[in-house]
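Read the structure below first, then the notes.
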Amino acid sequence: KERGVEVRVLLDYISSLRNPGYRRTARALDAMGAEWHYMLPVRPWRGQWQRPDLRNHRKIVVVDGHVGFMGSQNLVDSSYNKPSNRRRGLRWKDLMVRVEGPIVLGLEAVFQGDWYLETGEYLSHLAEAEFTAELPGELECQIVPSGPGYAGENNLQVFVALLYTARRRISITSPYFIPEGAIMHALRAATARGVEVELFVSEIGDQAIVYHAQRSYYDELFDAGVRIFMYKPPYILHSKHFTIDDKVAVVGSSNMDQRSFNLNMEVSMVVYGESFVRELDEVNAVYHQNSRELTREEWAQQPLRS
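In our numbering, the protein residues as written are 16 to 321.
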């Protein structure tokens, strides 16, 4: 801001209020002169009212229309500044992707759409962006925004369609894996045709209801032949991505659950390219080193298997 850069910030209202430092954040943004707004505010005393179960769950940073960041990480301390998390020693493990080239326009378009919905202001940066340099790589990328304003649960449709293309392997990382029926059908069909499927989740949970809802699917996943790897405490594996064979990957903010498919505004990026998949394979290798596999025998001995 001191260099004369225009700084615009959007914060999901209800999620921000759950963070103990939200007032300090607001004061800091005001002090630096940033223009900021809450997304989906529920403040009836100001005439702002909408469904309180809706969230803008996207995580986007765009710099000058030429560099972008997207993925799973919120701009908050890895303990989320919550005393209960600090007492348990919990830390969140995330994955962000840095992108350059025309794909940044996709991220900027999503941000500008959100900005217009919350402020009524149309930003002209998208039309002004120009790319004269050579493309930084040979990857084919596509930004997929999703949310209640998009008909047909487009993130779910993209995920399911890609799962059906797998011929050799599927690797999924999802902190809140509560698969919609179409996801389970796609996974069962994959293993039935010999595809190896692995799922990375956290061994411990930060949200009790969601944690137990996820575990309620473990019997079905074992029956389908899915291998489950649990990331060891005190970390919550919050990354959201999956790979199909050696050709395609998806990274972003979307979990594989009904909230992300139906209620949250999300953004994902589909990437076609073996080099990108290899880099995610390196990330998965780290997950393997820091996880342990849950076996059907161990799961059968759990006193409460849900």
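Heads up, the beta-carbon is just placed ideally off N, CA and C, and yes, glycines get one too.
- With fewer than 16 other CB atoms across the displayed protein chains lying within 10 angstroms of its CB, P163 is exposed.
- In the three-state scheme derived from DSSP, where H, G and I count as helix and E and B as strand, I29 is classed as helix.
- In the three-state scheme derived from DSSP, where H, G and I count as helix and E and B as strand, N277 is classed as helix.
- Take the alpha-carbon of N34 and the one of A124: they are about 28 Å apart.
- Cβ-Cβ distances below 7 Å link G220 to Y226 in the same chain, with the five nearest sequence neighbours on each side left out; the list follows chain order.
- For I243, the number of other beta carbons within 10 angstroms of its own is at least 16, and it is reported as buried.
- For Y53, the enclosing beta strand (DSSP E) stretches over residues E50 to M54.
- Beta-bridge annotation (DSSP): S283 is paired with V159 and G267.
- Residue burial annotation: I251 is buried, with at least 16 other C-beta atoms found within 10 angstroms of its C-beta.
- In the displayed model, R58 falls within a strand according to three-state DSSP.
- Counting the other CB atoms within 10 Å of its CB gives A201 a total of 16 or more, which places it among the buried residues.
- From the listed residues G196, S189, R184 and A46, the smallest Cα separation to A207 is found for R184.
- Closest by C-alpha distance to L120, out of L69, M284, S275 and R203, is M284.
- Counting C-beta atoms within 10 angstroms of its own C-beta, G196 has fewer than 16 neighbours from the protein chains shown and is therefore classed as exposed.
- Here E168 is buried: its Cβ has 16 or more other Cβ atoms, across all protein chains shown, within 10 Å.
- In the structure shown, S306 falls within a strand segment according to DSSP collapsed to helix, strand and coil.
- Ranked by how close their Cα comes to the Cα of E313, the residues T258, F237 and R293 have F237 in first place.
- Taking a 10 Å sphere around the C-beta of M271, we find 16 or more other C-beta atoms and assign the residue as buried.
- If you check the CB distance, V210 and R182 come in under 9 Å.
- Shown here, Q63 sits in a strand according to DSSP, grouped into three states.
- With a beta-carbon spacing of about 7 Å, V263 and V286 fall inside the 8 Å limit used to define contacts.
- In the structure shown, the three-state DSSP call for N71 is strand.
- Cβ-Cβ separation between V76 and F84: approximately 4 Å, consistent with a contact (criterion under 8 Å).
- Using a Cβ-Cβ distance cut-off of 8 Å, the region 100-107 and the region 302-311 are not in contact, since fewer than three pairs of beta carbons, one from each stretch, lie closer than that value.
- Ranked by Cα distance from E218, the options W64, V57, T40 and L105 are led by L105.
- Excluding five sequence positions before and after Y246, the CB atoms of its chain that fall closer than 8 Å to its own CB belong to K108, F215, V216, S217, E218, L252, Y302, N305 and S306, given in chain order.
- Beta-bridge partners assigned by DSSP to R184: E211.
- Annotation for H52: L25, E133 and T134 place their beta carbon closer than 7 Å to its own, counting only its chain and skipping 5 residues before and after.
- In the structure shown, F192 adopts coil according to DSSP, grouped into three states.
- Secondary structure at R203: helix, using DSSP grouped into helix, strand and coil.
- Assignment of beta-bridge partners to T258 by DSSP yields S186 and A264.
- Scanning its chain for C-beta atoms nearer than 8 Å, with the 5 sequence neighbours on each side dropped, one finds around I198 the residues L171, F174, V175, L178 and M271, in chain order.
- The Cβ neighbour count for V78, taken over all protein chains shown within 10 Å, is under 16; the residue is labelled exposed.
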